[in-house]
Every structure is written in C-alpha cells, then in structure tokens.
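Notes to accompany the following structure.
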Amino acid sequence: MKTLNIGIIGLGEIGQGHVDALLQVERANIVAVSDVNETVLDQTAKRLGAAGYKNYEELLAHPGLEAVVVALPDNMHRDACEKAAAAGKHILVEKPIAMNVEDSEAIINAAKAAGVKLMVGFTVRFFPQYAHARQLVQKGELGDIVSIFARRVNVITQPDRIKGRTGVMFFLGVHDFDAMRWVIGSEPVSVYCEAANSVESKYPIENETFSIVRFANGAVGCAHIGWYLPTQHPAGFDFKLDVTGNKGTLNLDMMRQGLEVYTIEGAKYPYMAAPLVAEDRAFVDCVLDDKPSPVSGEDGLVAVRMVNAALESIKTGKVVKL
Ligand SMILES: NC(=O)c1ccc[n+]([C@@H]2O[C@H](COP(=O)([O-])OP(=O)(O)OC[C@H]3O[C@@H](n4cnc5c(N)ncnc54)[C@H](O)[C@@H]3O)[C@@H](O)[C@H]2O)c1
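Here the numbering used here is used: the first residue of the sequence shown is 3, the next is one more, and so on.
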C-alpha cells in the first residue's frame, strides 16, 4: 500500500490533533514534525519515532517528505505555505488560509505554480451531521432555501489560550461562513455585522458577533459567533445549524450528541465526533489518488473575504458588499 509521507508544522492544540488524527489514517505516515517549542517538539518526535526540526525550512528538506500540515498561527501560514509549495510539498493548511486577500492569493498562486495540492482545514465540513445536512439541502428536500442560521460558541478561556492574537471571527466565524455557503451552495453577496460587548474584554478584539449574510440565491444567513461559555459548561461548546426552505426545515445541534452524563461532579455531554480524522483522510486520499482538493484555496479565500467584510461592518456600521 502506497502511503503519504507527511510533516506537521506547528504542534500546538490543533497540530497535536492532526498527529492523533493522522495516526488513524491508514495511508498516512508522519515522518517529521516541527515546532519552536523544543520540549513539545522532542516529546512529539519521540512519541512518533519521527524526525524533529525546530526550523520548518529544515523539515521541508527531510528526505522523502511529500506533504505538510501547516498548523501555525494564522499570520504565519503564508510563509510556510509558500516555502512548502516551492519545495514541491502538498499542503493542508489550517483555517483561516490567511488573514487577508493578498496572503490568501499568494498561497493559492504558490500551490498552483508548483503543481501541488492545497486543502484548507475547514473541519466543520467533516462532521457527518453537517455533511448530511448539506446533502439533504442539495437534494432539494427542504425546497428552495430561504434562510440559514449558524451558531458557534466556545468557552471563555479560548481567547486566553490563543493569547488574543486573533478575534473570534477568524478563529470560529470563518468556519460557519464557509459552512453556510457550502451547505446552501450559493455565494455570499453582502455582510452586515454587529459586535456585542464582550463578557470579559481582556483583548482588543471582537468577542461576540451577529452577522447577517445575503446570498446570491436570495437566502439570508445569520451567524452568531462567540466565546463566552463558562468553563463548567457540560459540552464546552455550543454549535448549531438551522436551515429553512419552502418545503421544510432542519435543525442540527452538536452540543448534545445523544449521550448526556450526570454525576455528583456535574453534567457532561461527551464529544463523540472525529471530524479531524475524516479531514486528514480526505487530504491523504486527494494526494495519493490525484483527486481535486476537497476544500480548495478559493474556498478559503471566500471565507477570508467574508470575515474581513464582517470586521469592516463592525467598524463602519454599514452593509459591506462582496
Ligand atoms: N480546524 C480547527 O478546528 C482548528 C482548531 C484550532 C485551531 N485551528 C487553527 O490552527 C492554527 C493553529 O492554532 P492552535 O490553536 O493550534 O495554536 P497554538 O498556539 O496552540 O499552536 C501553534 C504552535 O505553533 C508553534 N510555532 C510558532 N511559531 C513556529 C515556527 N516558526 N515554527 C514551528 N512552530 C511554530 C507554537 O510553538 C505552537 O506550538 C490556527 O491557524 C488556528 O486558526 C484550527
């Protein structure tokens, strides 16, 4: 069986998630990892029996390396992706592809020029529930789509964890802007967004937002994005999707996944989805079987345009055309 030799750049929260996910993907072979944090680097390299590089440019020269997962902070995606493409490596880059149009286009162009696959890590597309919702909508079971509502709310410790280096829109909102567009299969034409006062304003970033998105097919989308849940919350997140058409409606709730546990320590809704394994498998399959990227750089770019439109709308109080 042909396997894909992969390097993981960035071994933080999601980089470790990719390590665990790729270990479950039969045709994936993690050969090298990189992080500037030497403790994390050494522990992970030892655990995997893989080569460890503090400098990711050295990782890109690892013998036999074929592909990379870029799991660095958002503002470092461009440099790593351009260098990986120039070295001829296929790329799975975490969301958001970048934080502005120029960097996003530079990544897309670098991958095209090098003839390597480029996939953006929109993990939400790989939850079976979201994929099924999309299938139903695309099959016309709800009729013509009138509206779509998405909620993605995380625990209040999240901005502390990422040290306020980005706001909630690039961290979480980008997922739902992509998911809304993907589920209803229509392009966004305008965005209006209001930010509510944060429960805890430690960082000068947006923390809770309500965006209204107009789509080309006439549907209206609303995304409620925030990170205000108390740490005691039984799931640690609240993710929802409601789609309404002229023949029906669907409601998706990722918070309660069918199993609720109550003990003297409190309530717990265990997390049972494994979207990262499906996402990483889709990446490996697209490279080894030479299939189109399941989430293109252009998909990543549209979501970046939408987030930036929302951020501009918060500042100006105006509807922003895309
Ligand atoms: N798909 C998802 O659901 C999901 C979830 C979380 C984060 N993300 C995305 O993943 C990316 C990383 O986020 P995170 O939460 O894992 O961040 P993190 O801070 O937990 O991890 C980033 C890691 O990169 C390392 N790093 C920094 N500079 C480096 C360099 N020059 N070379 C090598 N390593 C370096 C840091 O030491 C750290 O370990 C972001 O773009 C974020 O938006 C995606």
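Note that beta-carbon positions come from the ideal geometry of N, C-alpha and C, so glycine has one too. As the structure is a prediction and not an experimental result, all values here were calculated from the model.
A straight line joining the alpha-carbon of Leu313 with that of Gly51 spans about 43 Å.
Each of Ile150, Leu74, His92, Gly123 was checked against the Cα of Ile214, and the nearest Cα belongs to Ile150. Beta-bridge partners assigned by DSSP to Ala225: Ala152, Ser213.
Secondary structure of Pro190 (DSSP, three-state): strand. Within the segment 33-69, the runs of alpha helix (DSSP H) at least 4 residues long that lie entirely inside it are, in chain order, 40-50, 58-61. In this structure, Leu252 sits near Ala135, with a CB-CB distance shorter than 9 Å.
Here the segment 30-48 lies against the segment 7-15, with 3 or more beta-carbon pairs under 8 Å apart. Distances between the C-beta of Tyr264 and the heavy atoms of ligand 1 are all 8 Å or more.
Within its own chain, the residues whose Cβ lies closer than 8 Å to the Cβ of Pro294, once the five positions on either side in sequence are excluded, are Cys288, listed in chain order. Residue environment: Gln160 is assigned as buried (16 or more neighbouring CB atoms within 10 Å of its CB, all protein chains considered).
Counting only residues of its own chain and dropping the five nearest sequence neighbours on each side, Ala89 has a CB closer than 6 Å to the CB of Leu62.
A residue is called buried when at least 16 other Cβ atoms come within 10 angstroms of its Cβ; Glu84 meets this threshold and is buried. Within the DSSP secondary-structure output, Asp244 pairs in a beta bridge with Phe151, Asn253. Met121 and Ile110 have their C-alpha atoms spaced approximately 10 Å apart.
Selection Ile227, Val201, Ala198, Val185 evaluated against Asn219 yields Val185 as nearest (Cα-Cα). Boundaries of the alpha helix (DSSP H) around Gly19: 15-24. Cβ-Cβ distances below 6 Å link Lys270 to Pro236, Val263 in the same chain, with the five nearest sequence neighbours on each side left out; the list follows chain order.
Thr211 and Pro65 have their alpha carbons spaced roughly 46 Å apart. Linking Tyr55 to Val33 through their CA atoms gives a straight-line distance of about 11 Å. Looking at the DSSP output, Ala197 sits in a beta bridge with Thr211.
Taking the Cβ atoms as the reference, Ile99 lies roughly 6 Å from Val306, within the contact range of under 8 Å. Sequence-distant partners of Val139 (beyond 5 residues in either direction) whose C-beta falls short of 7 Å from its own C-beta, in its chain, are Ile147, Val185, Ile186, Val245.
Considering only Ala116, Met182, Lys114, the residue with the shortest C-alpha distance to Gln137 is Met182. Within the same chain, and ignoring the five residues on either side of Val191 in sequence, the residues whose Cβ sits closer than 8 Å to its Cβ are Arg216, Phe217, Ala218, Lys323, Leu324. If you check the C-beta of Ala152 against ligand 1, you find no heavy atom less than 8 Å away. With a cutoff of 8 Å, Ala181 does not count as near ligand 1, since its C-beta is closer than that to no heavy atom of the ligand. Ala113 and Gly123 have their C-alpha atoms some 15 Å from each other. For Glu189, the closest alpha carbon among the candidates Asp37, Glu300, Ala47 is that of Glu300.
Under DSSP, no beta-bridge partner is assigned to Glu267. Taken from the Cβ of Pro75, at least one heavy atom of ligand 1 lies inside 8 Å. Taking C-alpha positions only, Cys224 is separated from Asp81 by approximately 33 Å.
One Cα belongs to Val103, the other to His177, and the distance between them is close to 17 Å.
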